[in-house]
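*Asks:* A single structure is presented below for examination.
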Amino acid sequence: MQLFWEKLSKPYFAVAPMVGNSEEAWRMLSRRYGANILYTEMVHCESFLKGSCNPCNNQWYTTSESDRPLIVQISGSSPQKMLEAALIIQDQCDAIDVNFGCPQKVAKKGGYGAYLQDNWELTAEIIRMLSINLKIPVTCKIRVFECISKTVEYAKMIESAGCSMLAVHGRTRDQKGVMMGLASWDHIKAVKQNLRIPVLSNGNIMSHEDVLRCLEYTECDGVMVGEAHLHNPLVFCKLRGSCLDMIREYIEICSKHPNSAGIRHMKSHLFKLLSVYFKERPEMRPVLDGCDNIEKIKEFYLRLASEAVLSENKDNGYGIYEMRPEPVDLICSIMNESRSL
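Structure (C-alpha cells):
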C-alpha cells in the first residue's frame, strides 16, 4: 500500500481538520505556505449514508487534482457503517483519517470521537475493519489520557490495529472550552518514543517558533496546527505577510476556483484573520457579516486595503494598518488570550 507521506520531506506540516474551515480554497492557500498534509472537515458516516449527497462532491468536501494529497476524516461508532462510507469516499482521497479526538457533547451522545477512549475493543475493531478493506492507508487522531503510560498503551493499541500515522492532540477530552488549558508535549513525546509509525504533534502552536520548539522537544515526524493556522496561514514558514496579504490571496483563489469555497467559508476565514482588527473597529463586523456574495466581499477587502494605505505609517500593535507586518506579532496578539484559559 502506498503511503503518500513517504514521498514528502520531513518535518510534515499538517493543517488540522476543522468544521467549516477546511474547504478546498483554504487548503490551496495552505499548500502555498508550507502545509503538506491537508484534511477535509469531518464526515459523520451515519449522517453521510442517510443523505443523498456524496461529501466529496459538495462544497464542503470539494477537491481537485491540484488539491492532493488529501485526507478525508471520518467519524462514527459503527465499524460497518464507517467502512461503507469509507469505501465510497476512498477514490477521492489518499488516506482515511478516523476521528478519535472530538470532545464535544454531540460526540458523547453519539459515542464517537474522544468518547471511544472508553471502548478500546471497539476502537481497534474500527481501525482493523478499515485498514483491512480499504486500498488506501488509515490514519487516526486522538486525545491523551491524564496518565502518560495509559496514553502510550492506547496509542500502541491503535498502531497494532492498523493505523499508519497518528496525530496526537496533547489535551484530554475534558480540556475544552474554558477548561482548555495547555496541551502536554510530554504525553506526545512519550507516544513518539514508543511507536514505529509517524506521529504528528498537535497543540500549543501559536507561531513558527512554536513549531520549531515542538519538533525539537517531541521529536515527532511533524506538527499539526488548527486554530492558530486560521489566524496565521504563514505559521509553517518564515515569510513576512499581513492579514491583507492573506485575505487578498484567499479571495483570488475563491474567484479562480468558484466551487472551492462558499460565502460561509469565506466570511468565517475573514472573521478569524481580522479578529484583532474587529476589536479596534467593531462597527466593521456587521459590514462583513452582511456580505452575501463574493463581489461584496471584494468590496469589503478594498475598503480595508484603502484604510491600510491611508494609515500605513500607523502602528497599532496588531499589524492590520501595516501592509507588511510580522505575522508572528499578529498571531501572538490574537492567541495570547487562549493561553491564559
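Add 45 to the 1-based position in the sequence shown for the working numbering, that's all there is to it.
Where is the CB? At the ideal position from N, CA and C, for every residue including glycine.
Under three-state DSSP, which class holds N144?
*Replies:* Looking at N144 - three-state DSSP - the assignment turns out to be strand.
*Asks:* Less than 6 Å between the CB of P148 and some heavy atom of the ligand SAH, yes or no?
*Replies:* Annotation note on the ligand SAH: not contained in the displayed structure, which lists no ligands.
*Asks:* Leaving out the 5 sequence neighbours to the left and right, which residues in its chain are closer than 7 Å to I292 when beta-carbon positions are compared?
*Replies:* Cβ neighbours of I292 beyond the five flanking positions: L315, L318 and Y346.
*Asks:* Can you name, in chain order, every residue of its own chain whose Cβ lies under 6 Å from the Cβ of Y13, other than the five neighbours on each side?
*Replies:* For the chain, the structure presents residues 46 to 386; residue 13 sits outside this window and is missing.
*Asks:* Where does M210 fall in DSSP's three states?
*Replies:* Strand at M210.
*Asks:* As a quick exercise: from A70, P327 and I82, pick the residue whose alpha carbon is nearest that of H310.
*Replies:* Considering only alpha carbons, the answer is A70.
*Asks:* Going by alpha carbons, who is nearest to V143 out of K195, Q135, N178 and M87?
*Replies:* Nearest of K195, Q135, N178 and M87 to V143, Cα basis: M87.
*Asks:* State the Cα-Cα distance for the pair L115 and I181, rounded to the nearest angstrom.
*Replies:* One C-alpha to the other measures close to 11 Å.
*Asks:* Leaving aside the five residues before and after A228 along the sequence, list all residues of the same chain whose C-beta is less than 6 Å from its C-beta, in chain order.
*Replies:* The answer, listed in chain order, is G215, R216, G248 and N249.
*Asks:* Mapping DSSP to helix, strand and coil, what is C192?
*Replies:* Coil, per DSSP.
*Asks:* Spatial neighbours of K153 within its chain, please: C-beta separation below 8 Å, excluding the five flanking residues on both sides.
*Replies:* For K153, where only same-chain residues beyond five positions count, the Cβ hits under 8 Å are Y160.
*Asks:* Does DSSP put K55 in a helix, a strand or coil?
*Replies:* Coil at K55, not helix or strand.
*Asks:* Measuring CA to CA, which of N304, P148 and F93 is closest to L128?
*Replies:* With distances taken between Cα atoms, L128 lies closest to F93.
*Asks:* What does DSSP give as the partner residue(s) for V88 in the beta ladder?
*Replies:* BP columns for V88 point to I119.
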